[in-house]
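>
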Amino acid sequence: MRSRSSITLHFRAEAYDHPSGYVDAGTVMSWLDKAGYAAAATWAGSNVVATYIGNMRFGHPVPVDSQITAQARLIYTEGSQIHVQGRLALPDVLNDDGEPTVATWVVMVYEAVDTKGETKEIKQWEPRTDAGHRRREVAAARALEHARGEDALGQVSFPDPDETNAEVVLLCFIAHAAEVTPGFRLQGGSLMNWLDEAAYVCASRWAGKPTVAVFAGGVQFYHGVYVGDIVEIEARVVHTTERSIYLVVRAWSGKPEQRDLHPVAQSIAIMVVAGDGKAEPVPSWQPQTAAEQQLQRHAIDLVSMRNKNVYEWSTVEIP
Numbered sequence: 002m003r004s005r006s007s008i009t010l011h012f013r014a015e016a017y018d019h020p021s022g023y024v025d026a027g028t029v030m031s032w033l034d035k036a037g038y039a040a041a042a043t044w045a046g047s048n049v050v051a052t053y054i055g056n057m058r059f060g061h062p063v064p065v066d067s068q069i070t071a072q073a074r075l076i077y078t079e080g081s082q083i084h085v086q087g088r089l090a091l092p093d094v095l096n097d098d099g100e101p102t103v104a105t106w107v108v109m110v111y112e113a114v115d116t117k118g119e120t121k122e123i124k125q126w127e128p129r130t131d132a133g134h135r136r137r138e139v140a141a142a143r144a145l146e147h148a149r150g151e152d153a154l155g156q157v158s159f160p161d162p163d164e165t166n167a168e169v170v171l172l173c174f175i176a177h178a179a180e181v182t183p184g185f186r187l188q189g190g191s192l193m194n195w196l197d198e199a200a201y202v203c204a205s206r207w208a209g210k211p212t213v214a215v216f217a218g219g220v221q222f223y224h225g226v227y228v229g230d231i232v233e234i235e236a237r238v239v240h241t242t243e244r245s246i247y248l249v250v251r252a253w254s255g256k257p258e259q260r261d262l263h264p265v266a267q268s269i270a271i272m273v274v275a276g277d278g279k280a281e282p283v284p285s286w287q288p289q290t291a292a293e294q295q296l297q298r299h300a301i302d303l304v305s306m307r308n309k310n311v312y313e314w315s316t317v318e319i320p
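In the numbering used here, the protein residues as written are 2 to 320.
1. Rounded to whole angstroms, how far is the Cβ of Tyr227 from the Cβ of Phe185, which I believe are closer than 8 Å?
2. Do the CB positions of Tyr53 and Phe222 come within less than 8 Å of each other?
3. Where does Val29 fall in DSSP's three states?
4. Note down the Cα distance separating Arg183 from Gly60, rounded to an integer number of angstroms.
5. Using alpha carbons as the reference points, say which of Arg5, Ala51, Asp161, Trp32 lies closest to Gly189.
6. Compare the Cα-Cα distances from Ser81 to each of Pro92, Glu112, Asp97 and report the closest residue.
7. Given this structure, state the Cα-to-Cα distance separating Ala300 from Ala217, to the nearest angstrom.
8. What do you reckon, are the CB atoms on Ile123 and Ala45 nearer than 8 Å?
9. Counting Cβ pairs closer than 8 Å, one from the region 284–302 and one from the region 240–249, do we hit at least three?
10. Here's the rule I'm using: 16 or more other beta-carbon atoms within 10 Å means buried, otherwise exposed. How should Thr316 be labelled?
11. Using the three-state DSSP reduction, which class does Val317 fall into: helix, strand or coil?
12. Spatial neighbours of Ala292 within its chain, please: C-beta separation below 6 Å, excluding the five flanking residues on both sides.
13. First and last residue of the alpha helix (DSSP H) that includes Ala167?
14. Considering Val1, what are the terminal residues of the alpha helix (DSSP H) in which it resides?
15. Using DSSP with H/G/I as helix, E/B as strand and the rest coil, what is Lys117?
16. So if DSSP puts Phe59 in a beta bridge, which residue, or which two residues, is it bridged to?
17. If you drop the 5 nearest sequence neighbours on each side, which residues of the same chain put their C-beta closer than 6 Å to that of Ala141?
18. Looking only at its chain, what residues have a beta carbon closer than 6 Å to the beta carbon of Ala275, apart from the 5 residues adjacent to it on each side?
19. With a threshold of 16 other CB atoms inside 10 Å of the CB of Ala16, please say whether the residue is buried or exposed.
20. Please classify His263: does DSSP put it in a helix, a strand, or coil?
21. Any contact between the region 86–97 and the region 66–73? By contact I mean 3 or more CB pairs, one from each, below 8 Å.
22. Report the rounded CA-to-CA distance for Ile175 versus Arg74, giving the unit in angstroms.
23. Taking all protein chains shown into account, do 16 or more other C-beta atoms lie within 10 angstroms of the C-beta of Asn96, making it buried, or fewer, making it exposed?
24. Do Leu262 and Ser254 have their beta-carbon atoms positioned less than 8 Å apart in this structure?
25. What span of residues does the beta strand (DSSP E) with Trp286 cover, start to end?
26. How should Ser6 be labelled, buried or exposed, when 16 other C-beta atoms within 10 angstroms of its C-beta is the threshold for buried?
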C-alpha cells in the first residue's frame with residue numbers, strides 16, 4: 002500500500018470559545034500542527050515529534066462559526082526528519098477568483114521516533130511531479146538557511162525582569178493527558194497555543210488594549226514536555242515600531258516538585274492593536290542597556306531572515 006504524503010483536516014470554531022468573533026493565532030497554530038502531525042506520522046508509520054514550526058503570516062482573520070480546512074503535505078525528508086508544508090483555508094470566504102481564502106501557511110519539521118522515544122530512520126519521500134521536485138529543492142536549501150539562524154537568540158543575554166523597563170509576563174501551565182500525543186508527550190500545537198497566550202497578554206499590557214498576532218516566527222523545540230509537567234512561559238517586549246510590538250517568547254518545563262526547569266521552546270511574535278481593520282499606533286519602547294540593544298537587534302534580524310524563507314503554497318495542486 003502506498004503511503005499518503007498529504008492530508009486534509011476540517012475544523013470549526015464556536016463563537017462561545019472566541020467572543021471577539023475571530024479565532025486566535027494559538028488555535029490556528031494548533032490546527033496546523035494537528036494536520037502536520039497527521040501527515041508526518043502517516044508517512045513515518047510511527048509517532049513523530051515537532052522540532053520546528055516555521056514563521057506564519059496571518060493574512061486573513063479566521064471567523065468563528067465557519068468551515069475551516071487545514072491541509073498538510075510532505076515537501077522534504079532527510080534521515081529521521083519530515084518537512085511538511087501546511088496551510089489553513091476558509092471555504093466559506095472566497096477570494097476574487099472564487100477560490101477559498103488562505104488565512105496562513107507554514108512549514109513544519111517533525112522527527113520520527115520509535116516506541117522508546119528514540120529517533121528512527123524513515124523511508125525517504127520522492128516527489129512524483131515537477132512541482133513536487135521544485136518544492137523539495139527549495140525546502141532542502143531553506144532548511145540549511147534557517148538552521149544557521151536558530152542559535153542567534155540562544156547566544157543573547159536576557160536581562161532579569163526587574164532589571165528592564167520592558168513589559169515582561171510569566172504564565173504557568175500544567176500539561177494534561179488530553180493534550181498529549183502517543184508517548185505522553187505534549188502536542189506541539191498545545192505548546193504553541195500557550196506561547197501565543199503569553200505573547201497576547203504581554204503585548205496587550207504594553208499597548209493598554211487587546212492585541213492580535215500578525216506574525217509568529219519559527220518555534221524551535223528543544224525538549225519534550227510530558228503529562229504532569231509544569232510549563233513556565235515568559236514573553237517580553239524587545240522592539241516596537243509605530244504600529245507593531247515584537248516579542249520574544251520562551252518556555253521551560255519540569256516536574257512540579259523540581260525547582261530547576263529546562264528550556265523547551267522559544268519563538269518570536271509580532272502583535273498589533275487592530276482597530277477597524279487597521280493597526281493602531283502603539284507606545285514606543287527603547288532599549289536602555291547593551292543587552293537590550295543586542296536582544297532587539299537579534300529579534301529584528303531573525304524576523305527579517307524568516308520573512309525571506311516564507312514558503313508560499315503556490316497554486317499547484319497537492320501531488
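Note that CB positions come from ideal geometry on N, CA and C, so glycine has one too. Predicted, not measured: the structure shown is a model, and the values here were computed from it.
According to the structure shown:
1. Right, their Cβ atoms sit about 5 Å apart.
2. Going by beta carbons, Tyr53 and Phe222 fall inside the 8 Å limit.
3. DSSP places Val29 in helix when its eight states are reduced to three.
4. With the sequence shown as reference, residue 183 is identified as Pro, and Arg is not the correct amino acid for it. In a straight line, the C-alpha of Pro183 is about 33 Å away from that of Gly60.
5. The residue with the shortest Cα to Cα distance from Gly189 is Ala51.
6. Distances from the alpha-carbon of Ser81 to those of Pro92, Glu112, Asp97 put Glu112 closest.
7. Near 12 Å, if we compare the C-alpha coordinates of Ala217 and Ala300.
8. Yes, the Cβ-Cβ distance between Ile123 and Ala45 is below 8 Å.
9. Segments in contact, yes.
10. Since pLDDT at Thr316 reaches only 34, below the 50 mark, its modelled position is unreliable, and the value read off the structure follows with that caveat. Its Cβ having fewer than 16 others within 10 Å, Thr316 is exposed.
11. Note that Val317 scores a pLDDT of 36, beneath 50, so its modelled location is shaky and nothing firm can be said.
12. Its chain contains Ser158, Pro160 as the residues whose beta carbon lies nearer than 6 Å to that of Ala292, once the 5 sequence neighbours on both sides are disregarded; these appear in chain order.
13. Per DSSP, Ala167 belongs to no alpha helix (DSSP H) and is neither H nor E.
14. This structure does not reach residue 1, given that the chain is present from 2 up to 320, and the question cannot be answered.
15. Looking at Lys117 - three-state DSSP - the assignment turns out to be coil, as it is neither helix nor strand.
16. Paired residue(s): none; Phe59 is not in a bridge.
17. Beyond the five residues adjoining it in sequence on each side, Ala141 comes within less than 6 Å, by CB distance, of Tyr77 in the same chain, given in chain order.
18. Closer than 6 Å at Cβ, skipping near neighbours: Val213.
19. Exposed.
20. Note: His263 maps to strand in three-state DSSP.
21. Contact annotation: the region 86–97 touches the region 66–73, with at least three C-beta pairs closer than 8 Å.
22. Their backbone Cα atoms lie some 31 Å apart in a straight line.
23. Its Cβ having fewer than 16 others within 10 Å, Asn96 is exposed.
24. A contact, by the Cβ cut-off of 8 Å.
25. That residue, Trp286, is in no beta strand (DSSP E); it is neither H nor E in DSSP.
26. So Ser6 counts as buried.
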